[in-house]
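S.K.:
Quick look at the structure:
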């Protein structure tokens, strides 16, 4: 097995993990939503669905960006492929940033110092 084939296989495995995480996160979110509805916690159900689904999408996008980086840098490092990678990373970063802002209900720079400390583990 050649170097390119090995790296392509690794990249495909990382992509598969990212897609699997997106699917598993979606299923988990919907099951959790259905459970909350069955227990008549309708006010929290929708917000929980949005948060769980949004977070699984964010993590899945990060893993897919990693797979793109592995494939582009290790397999076919040409100016065209690096340019396409840059465009893909910009689009996915914008999506991640937008999702994070939507989940938190505010822009990251609008967080208070207390909220920043809580998200870092309560230091």
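In my numbering, the protein residues as written are 87 to 209.
We treat Cβ as the ideally placed atom computed from N, Cα and C, and that holds for glycine.
#1: Answer yes or no: do residue 160 and residue 93 have a C-beta to C-beta separation smaller than 8 Å?
#2: Is the stretch 106-125 close to the stretch 162-181, with three or more CB pairs under 8 Å?
#3: Looking at the structure shown, is residue 192 part of a helix, part of a strand, or coil, going by DSSP?
#4: Which same chain residues end up closer than 6 Å to residue 157 when comparing Cβ atoms and leaving out the 5 residues on each side of it in sequence?
M.R.: Well, looking at it:
#1: yes
#2: no
#3: coil
#4: 97
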